[in-house]
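Asker:
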Amino acid sequence: MTKSIYKSYVVILFLIGLIGCDSIQDSSISYETRVDDFGIQMIFVPEGKFLMGIDEDQVAVNGENAAPPHIVMLGDFYIDRFEATNAEYQACVDTGACSPLAREEKAVNDIYISMDVFDTSPVMYLSWNDAKTYCEWRGARLPTEAEWEKAARGTDGRTYPWGEETDCSYANYGLRSENGVVCFEGHILSIGNYPKGVSPYGAYDMAGNVSEWVQDCYIEDFYSQLGDSIENPIGIGDEKCSRLQRGGSAGNSPINIKTYRREPVTSDYTDYWSGVRCASSP
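This note's numbering puts the first residue of the sequence shown at 3, with every later residue one more than the last.
Structural data, given as structure tokens:
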């Protein structure tokens, strides 16, 4: 074990130790769920501490904006079990609350549009405002960046929602791959296709398929600014601030679907991979 890897290992173990063994969640536990007024399943994430971010020695591969690691305390919240679907978003459009999406026909090809699973596939081409409007129409909200990471990562500091290693049985990803492994299925898949890839709390597709908007403004050194005592953090900025997408997409390599990966984009950014899952407070 090299000195730098050993240092990272010690730091992560120390921070996990600060959380306390009793608070680490077992992925085999069944957590409370509820169904909202629109028939959409949400999973309960209990209050408590978790490890957010990565060690400084890992930034060369994962990006400087995900360091340093820090312990965050969050209150109880709910988050969608699945990514929002085309049918669910269309229900919002039908009421006039949400705007129809300006999809690029070259990207959303005839094969995808005509698929039987189109209604149950994640909605795409959402801007941050589209995602925010949809969640608020449901009486919910966008998750904060910290809430999203805890729902994906649990409390043990894992790299992916399911653990440390990855292959094509866990998620729809890898159209762009740094090691020649391509797991991309040729299009975005309907929700819930990868039961092996669920998070510690039972959320599906928090890595790959479509990227998911979160509430925060993007602040590059936000983690460094937070200090030692961190409770329910959220990046605040003006209306023109860049926002964040989390989880990566089917178009990303394994590096970009890690639970701590932060992807800053402008709030009006929209593409084939931009989706959402909503959150709410109890």
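The beta carbon of each residue, even a glycine, is placed where N, CA and C say it ideally should be.
Would you mind sorting glycine 237 into buried or exposed? The rule is 16 or more other CB atoms within 10 Å of its CB.
Answerer: Numbered from its first residue, the sequence shown carries residue 237 at position 235. Classification of glycine 237: buried, given that the 10 Å Cβ count is 16 or more.
Asker: Buried or exposed for lysine 51, going by 16 or more other Cβ atoms inside 10 Å?
Answerer: Taking the first residue of the sequence shown as position 1, residue 51 is located at position 49. Burial call: buried.
Asker: Is the distance from the Cβ of tyrosine 80 to the Cβ of methionine 44 below 8 Å?
Answerer: Numbered from 1 along the sequence shown, position 78 holds the residue referred to as residue 80. Numbered from 1 along the sequence shown, position 42 holds the residue referred to as residue 44. Yes, they are a contact pair.
Asker: Determine the direct distance from the alpha carbon of glutamine 60 to that of methionine 3, and round the result to whole angstroms.
Answerer: One-based indexing of the sequence shown puts residue 3 at position 1. One-based indexing of the sequence shown puts residue 60 at position 58. Because the pLDDT of methionine 3 is 42, which lies under 50, any placement of that residue in the model is unreliable, and the question is left without a value.
Asker: List the whole-angstrom C-beta distance separating aspartate 292 from glycine 141, where the pair is believed to meet the contact cut-off of C-beta under 8 Å.
Answerer: The first residue shown for the chain is 3 and the last is 284, placing residue 292 beyond what the model contains.
Asker: Have a look at glutamate 241 and glycine 204 and give me their C-alpha separation to the nearest angstrom.
Answerer: The sequence position of residue 241 within the sequence shown is 239, counting from 1. The sequence position of residue 204 within the sequence shown is 202, counting from 1. If I take the Cα positions, the gap works out to 33 Å.
Asker: May I ask you to list the residues that DSSP assigns as paired with lysine 51?
Answerer: As a working mapping, residue 51 is identified with position 49 in the sequence shown. Its beta-bridge partners are Met75.
Asker: Alpha carbon to alpha carbon, how far is tyrosine 196 from serine 213?
Answerer: For the purposes of this step, residue 196 is taken as the residue at position 194 of the sequence shown. For the purposes of this step, residue 213 is taken as the residue at position 211 of the sequence shown. If I take the Cα positions, the gap works out to 16 Å.
Asker: Between Gly41, Pro266, Arg83 and Leu228, which lies nearest to serine 201 when the distance is taken from Cα to Cα?
Answerer: Position 199 of the sequence shown, counted from the start, is the residue given in the question as residue 201. With distances taken between Cα atoms, serine 201 lies closest to Arg83.
Asker: Compute the minimum distance between the beta carbon of proline 163 and the heavy atoms of the ligand COA, and state whether it is under 7 Å.
Answerer: Absent from the structure shown: the ligand COA. Ligands present: none.
Asker: Using 10 angstroms around the beta-carbon of alanine 68, count the other beta-carbons present and answer buried if the total reaches 16, otherwise exposed.
Answerer: Working through the sequence shown from its first residue, we reach residue 68 at position 66. Its Cβ being crowded by 16 or more others within 10 Å, alanine 68 is buried.
Asker: One question on the structure: do leucine 144 and tryptophan 215 come within less than 8 Å of each other, judged by their Cβ atoms?
Answerer: Along the sequence shown, one-based indexing puts residue 144 at 142. Along the sequence shown, one-based indexing puts residue 215 at 213. Cβ atoms of leucine 144 and tryptophan 215: closer than 8 Å.
Asker: How big is the Cα-Cα spacing for valine 47 and arginine 36?
Answerer: The residue labelled residue 47 in the question sits at position 45 within the sequence shown. The residue labelled residue 36 in the question sits at position 34 within the sequence shown. Roughly 12 Å between the two C-alpha positions.
Asker: How many whole angstroms separate the CB atoms of serine 244 and tyrosine 220, which I take to be in contact at a CB cut-off of 8 Å?
Answerer: As a working note, residue 244 is residue 242 in the sequence shown. As a working note, residue 220 is residue 218 in the sequence shown. Indeed they touch by this definition, with Cβ atoms about 4 Å apart.
Asker: Three or more beta-carbon pairs under 8 Å between the segment 118 to 126 and the segment 160 to 180, yes or no?
Answerer: Not touching, per the Cβ criterion.
Asker: Applying the criterion that 16 or more other CB atoms from any shown protein chain within 10 Å of the CB defines a buried residue, is serine 283 buried or exposed?
Answerer: Locating residue 283 in the sequence shown gives position 281, counting from the first residue. Burial call: exposed.
Asker: Restricting to Cα atoms, I'd like to know which of Glu58, Met75, Lys152 and Ala86 is closest to isoleucine 42.
Answerer: For the purposes of this step, residue 42 is taken as the residue at position 40 of the sequence shown. Closest option to isoleucine 42, Cα to Cα, is Ala86.
Asker: Do serine 101 and aspartate 270 have their CB atoms nearer than 8 Å?
Answerer: Taking the sequence shown and counting its residues from 1, the one referred to as residue 101 is at position 99. Taking the sequence shown and counting its residues from 1, the one referred to as residue 270 is at position 268. Contact: no.
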